[in-house]
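Novice: Got a structure for you, questions after.
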Amino acid sequence: QASFEKTSILFNGVVLAMLSESAEAYIEIRNLAYWEKLQEEIVALYQKSLDLVQSKLAAGLATDFEIAQAKAQLSQALIGLPDIQKNLVIQNNRLQVLMGKSPLAEKTEILDPMSKPLYLEAIGLEAPAIILRRRPDVLAAERQIAIESAKIGVVKSDLYPKFFFNGTFQLSASEIANVFKSGSETFSFGPSIQWNIFSAGKIKNKAKAQSEKMNEAELNFYKTVFVAISEVENAIASYHAEKKTYERIEAS
C-alpha cells in the first residue's frame, strides 16, 4: 500500500512540476519580452540624445565631455540588451521542450510582451508547515519510511513457524471414456508447517540490515524536509522582494 502511494505521489509530482515549469517559462517569456521592448526604447532615447549632443557640438554649443557622457549612456543601455535576448531564447526553448516540441524542428510562437511586469498583489501564503505537507518530495520520503518499516516486519516473520493447509483434487482412469465417471476422483489434503529454525541468525542479520535501511529513509526524510523549508522560505522572500520592486516601478 505504501509503495503504491509513493508511486502515485511521485507521478502527481512530475505532472505538477511540468505544469509549474511550463507556466513559469510562459510568464518569463512575456516578462522578458516586456524588458526587451523597454530596453530597446531606452536605447533609442539615448541614441537620440547622442545625435542631439553631436548636433550641438557641431554648432559649438556642446563639449567633448558631453559627447563622451552621451556615448557612455548609450553603451551602458546596449550592454543589457544581449543578456535579455539570450534569456528570451533560453526560455522559449525551455517552453518548447516542456510542450514536447523541438525548438529546431518547429518555429517557436512569438508571445506578445506584457503591458507591465506581472505581479500578484495578493497570494494565499499559508503557514510553511501546510505548504510542506503538500510537497510531493516530502510525501514520497514519508511513504518510503513506511515501506522500509513494513519490510522489517516481513523479514522478522520468517523467525516464526508458518502453517499451511494444502489440498489437491484430480481425475484419473485407465480409459478416457471413464475419466468423468464416478470413482475416478482422487483427492488429498492435510496441514503442513514451515519453520526456518536453522536460519535464525541469518534472518536476524537481514532484519538488522533492513532496520538500517529504515534509518537511512528517516535521515533522507529529514534532509528532504530541510531542503523544502529552505526552498519555501526562499520563495516567500523572493515574492516580497519582487513586490517591493514592482511598487517602486509603479511609483516611478
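Just so you know, the sequence shown maps onto residues 50 to 301 in the working numbering. Yeah, the Cβ is synthetic: ideal placement off N, Cα and C, and Gly gets one too. In this text the structure is predicted, and so the values were computed from the model without any measurement.
Which ranges would you report for the alpha helix (DSSP H) in the region 89-147 if only whole runs of at least 4 residues count?
Specialist: Correct list: 113-147.
Novice: Looking only at its chain, what residues have a beta carbon closer than 6 Å to the beta carbon of Gln122, apart from the 5 residues adjacent to it on each side?
Specialist: For the purposes of this step, residue 122 is taken as residue 73 along the sequence shown, with counting starting at 1. The residues are Tyr95.
Novice: Give the DSSP-derived three-state secondary structure of Asn80 in the structure shown.
Specialist: Residue numbering aside, residue 80 sits at position 31 when the sequence shown is read from its first letter. Correct three-state label for Asn80: helix.
Novice: Between the alpha carbons of Val276 and Phe214, how many angstroms are there, rounded?
Specialist: In the sequence shown, counting from the first residue as 1, residue 276 sits at position 227. In the sequence shown, counting from the first residue as 1, residue 214 sits at position 165. Their Cα atoms are separated by approximately 52 Å.
Novice: Just how far apart, CA to CA, sit Asn142 and Ser151?
Specialist: Counting from 1 along the sequence shown, the entry for residue 142 is found at position 93. Counting from 1 along the sequence shown, the entry for residue 151 is found at position 102. Near 8 Å, if we compare the C-alpha coordinates of Ser151 and Asn142.
Novice: Helix, strand or coil for Lys251? Go by DSSP, reduced to three states.
Specialist: The residue labelled residue 251 in the question sits at position 202 within the sequence shown. DSSP places Lys251 in helix when its eight states are reduced to three.
Novice: Does DSSP classify Lys292 as helix, strand or coil?
Specialist: Against the sequence shown, residue 292 aligns to sequence position 243. In the structure shown, Lys292 sits in a helix (DSSP, three-state: H, G or I).
Novice: Can you grab the Cα-Cα spacing for the pair Asp207 / Thr217, in whole Å?
Specialist: As a first step, residue 207 is located in the sequence shown; it is residue number 158 there, counting from the start. As a first step, residue 217 is located in the sequence shown; it is residue number 168 there, counting from the start. Near 26 Å, if we compare the C-alpha coordinates of Thr217 and Asp207.
Novice: Hey, how far is the Cα of Leu302 from the Cα of Val92?
Specialist: With the chain running from 50 to 301 in the structure shown, residue 302 is simply not present.
Novice: Determine the direct distance from the alpha carbon of Glu282 to that of Glu291, and round the result to whole angstroms.
Specialist: If you number the sequence shown from 1, residue 291 lands on position 242. If you number the sequence shown from 1, residue 282 lands on position 233. Answer to the nearest angstrom: the Cα atoms are 14 Å apart.
Novice: Closest to Leu337 by C-alpha separation, out of Leu147, Ala256, Glu89 and Ile58, would be which residue?
Specialist: Given a span of 50 to 301 for the chain in the structure shown, any question on residue 337 remains unanswerable.
Novice: Please classify Lys257: does DSSP put it in a helix, a strand, or coil?
Specialist: Reading the sequence shown from its first residue, position 208 is the one you call residue 257. If DSSP states are grouped into helix, strand and coil, Lys257 belongs with the helices.
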